[in-house]
Amino acid sequence: MARTLLLMVLTAAVVAMLAGGFLDYSMKGSEQGAGSTTDTSTSCTVSAEASGFFVTVETDSGLPVAGAQVSGTRVTEYGGGSTCEQSIGSQLTNASGMVLITDNMGSYNALTVQFQGKNYAMNAPIVPMETTYVTLRVPSGNYSISEVFEGGCTKTPSGVTCPG
6 MARTLLLMVL
16 TAAVVAMLAG
26 GFLDYSMKGS
36 EQGAGSTTDT
46 STSCTVSAEA
56 SGFFVTVETD
66 SGLPVAGAQV
76 SGTRVTEYGG
86 GSTCEQSIGS
96 QLTNASGMVL
106 ITDNMGSYNA
116 LTVQFQGKNY
126 AMNAPIVPME
136 TTYVTLRVPS
146 GNYSISEVFE
156 GGCTKTPSGV
166 TCPG
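Note that the numbering used here numbers the sequence shown so that position 156 is 161, with each residue one more than the last.
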């Protein structure tokens, strides 16, 4: 398991260095092995190119929602189905209905949005060298996730679209 984790960290480091940036991030969290009934403390180090991660909350008619609370957990998966988790804290959406989640290195963000007494939950990937945009519509709870590559190309379920 240590060998797999080392391989994953080294691979991420090589990709990040080739991309021209390198950041280190250490997390404390719980390790949950497949079929395990006990939690143990572990420390993960993830090295990767930083990317943006934006959450926007809007009404079903497309108007921005200010004051929605966005919180959650950054999850990093590594060898054998284990995870390392860290709180991303809690923020309120601004007048544009948006928050920026910083320090985005891991596998995905498990998000919770609280608005008018309801909780909305979703998982959104953290992808190296990409900016992730999550848009939640309330009160329906419908959400969309789009990922934008460096250079402005957008990845959607139907393919990749680049400007120009």
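Ideal Cβ placement from N, Cα and C applies to all residues, glycine included.
Check	Outcome
Residue of E63, I131, V104, G57 minimising C-alpha distance to Q121	E63
C-beta neighbour in chain B for G111, strict 8 angstroms	Annotation note: the requested chain B is absent from the structure, which comprises a single protein chain.
The region 90-99 contacting the region 137-148, beta-carbon criterion three pairs below 8 angstroms	no
Burial state of N114, where buried means 16 or more other Cβ atoms lie within 10 Å	buried
Per-residue burial, N99 [other beta carbons within 10 Å of its own, 16 or more giving buried]	exposed
Collapsed DSSP secondary structure at M127 in the structure displayed	strand
When P144, T81, S145 are compared against A129, the one with the closest alpha-carbon	T81
Coil, strand or helix - P144 by DSSP	coil
Q121: first and last residue of the uninterrupted beta strand (DSSP E) it sits in	Unbroken run through Q121: none, as it is neither H nor E.
Beta-bridge pairing of L105 - partner residues as DSSP gives them	F59
Close beta carbons around Y148, own chain, < 8 angstroms, minus the five adjacent residues each side	Y125, M127, V139, T140, L141, R142
Same chain only: Cβ atoms within 6 angstroms of F58, ignoring 5 sequence neighbours per side	I106, N109, T137
Cβ-based neighbour list, L97, same chain, cut-off 8 angstroms, excluding 5 preceding and 5 following	A71, G72, A73, Q74, V75, V104
Alpha-carbon to alpha-carbon, T78 and G111	10 angstroms
Simplified DSSP assignment, three categories, for V75	strand
T61 versus T117 - alpha carbon distance	12 angstroms
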